[in-house]
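With the sequence shown counted from 1, adding 80 to any position gets you this note's numbering.
Have a look at the structure below before the remarks.
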Amino acid sequence: MVIPTGIFFYYQQGERLRDFPQALGSILEKDSVFLYDAFYPSKPKSSFDLEPIPVETLHKVHLPEMVDRVRATGNYEGALYSAAGTLAAAVRIWSGEIINAFVFTGYGDHHAGSNFFGGGCYFNGAAIAIHELQERLGAKRFAIIDTDPHHGDGTWELFENNLAVLYICFCSGSFQEKNQNVNIHVPFRVKDSSYFALAKDCFQRWVKVFQPEIIFWNWGYDGTIGEYGDTGLRPDLHLQMAGEIKKLANVVCSGRLIIILCGGSRRDYANFLIPRIITILADKYTTQSFDDV
Ligand SMILES: [Zn+2]
Ligand SMILES: [Zn+2]
């Protein structure tokens, strides 16, 4: 039996995902893919709807006053559903219902710490999911690979004293290592091949040694050419990375992998990359280039 890939979809506003879920096309017909979508008023409720995260669960990671501040922004619901997708994916992967997952988010999570948020992030979905897996389901070792080009200050703070979580942040900041938090310096205008070599080396040195039971990949494409965090990376690199991280998850943790959509604004990149990354999760590596479509 094929254990499917889960796609967690929340119907958010905004430009970059305007063509989804339609842009997933025939992927949704595959036996190896299952779509979980968020409850929205015009659709009959089903058992696969995403439920918002209870406030007590949020308080395990974020201080109550911070949760109140997020509520006051007017983006509370979107923030809640974004984190809910990550939590639902993690729980279903841990129970064996799905093998891996792609989580569409309206807001990212790596700039959300215990009592601060910003940069389009409100709640730290990965941290909430890790807390739940640890407390309720007995999981012990986790890795977060963060390739959004901005420093994940929230995730760093939440795990800087936690030895159960290996957090690897690829950003422009200098190299740092503290209690299984590792900051990898990515040079400005890095070539795809150098970035990929750096990532592979880092997976070898930290992830394979640490042996997590599940991997979270904070995937942002805002470092791609022409994006707001442009570091000179080509779109195709993301597909290469997806293939490599899937392989890594197969080797270290029986394939358990959650991809969380983080930064990135361009609709053409989303339309090209997301369906292909999901296909890599569900199926196999694709060699088609962004330049060919
Ligand atoms: Zn960083
Ligand atoms: Zn970013």
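C-beta: ideal position from N, C-alpha, C; glycine also.
As the structure is a prediction and not an experimental result, all values here were calculated from the model.
Ordered along the chain, which non-local residues of its own chain (more than five positions away) have a Cβ less than 8 Å from that of residue i?
i      : result
GLU145 : ASN195
ASN241 : ASN259
HIS191 : PHE197, GLY198, GLY199, GLY200, CYS201, HIS230, GLY232, ASP233, GLY234
Please state the DSSP three-state secondary structure of residue i.
i      : result
TYR365 : With a pLDDT of 48 at TYR365, under the threshold of 50, the modelled position of that residue is not reliable, and no figure is offered here.
GLU145 : helix
ALA181 : strand
ALA219 : coil
CYS342 : coil
LEU160 : helix
ASP117 : strand
ILE87  : strand
GLN378 : Because residue 378 is not part of the residues shown, which for the chain are 81 to 373, the question remains open.
LYS271 : coil
GLY188 : strand
ASP99  : coil
LEU138 : helix
GLU324 : helix
LEU243 : coil
Checking 8 Å against the spacing of the C-beta atoms, do residue i and residue j come in under that value?
i      : j      : result
GLY232 : ALA169 : no
ASP111 : ASP228 : no
MET339 : PHE182 : First, the amino acid is wrong: residue 339 is Ile here, not Met. Result yes, Cβ atoms of ILE339 and PHE182 sit closer than 8 Å.
VAL245 : ILE210 : yes
GLY186 : GLY253 : no
GLN92  : GLY158 : yes
ARG356 : ASN180 : no
GLU293 : LYS220 : yes
ILE133 : ILE224 : no
GLY165 : PHE88  : yes
Can we count residue i as close to ligand 1, meaning its CB is less than 7 Å from some heavy atom?
i      : result
HIS231 : yes
ASN242 : no
GLY253 : yes
CYS249 : yes
ASN263 : yes
Would you call residue i buried or exposed, if buried means 16 or more other Cβ atoms sit within 10 Å of its Cβ?
i      : result
VAL332 : buried
GLU307 : buried
VAL147 : buried
ASP316 : buried
GLU257 : exposed
GLN212 : Gln is not the amino acid found at residue 212; the sequence shown has Glu there. Burial call: buried.
LYS326 : buried
HIS139 : exposed
ILE305 : exposed
Comparing the CB of residue i with every heavy atom of ligand 2, is any distance shorter than 7 Å?
i      : result
CYS342 : yes
ASP189 : no
ASP310 : no
GLY300 : yes
ASP228 : yes
Leaving out five residues on either side along the sequence, give the residues of the same chain with a beta carbon under 7 Å from the beta carbon of residue i.
i      : result
LEU97  : PHE184, ALA350
PRO121 : Its pLDDT being 48, under 50, PRO121 is placed unreliably by the model, and nothing is read from it.
TYR156 : VAL150
TRP286 : LEU246, ILE248, VAL262
I'd like to know whether the C-beta of residue i is nearer than 8 Å to at least one C-beta of chain D.
i      : result
VAL287 : Chain labels in this structure do not include chain D; a single protein chain is all it has.
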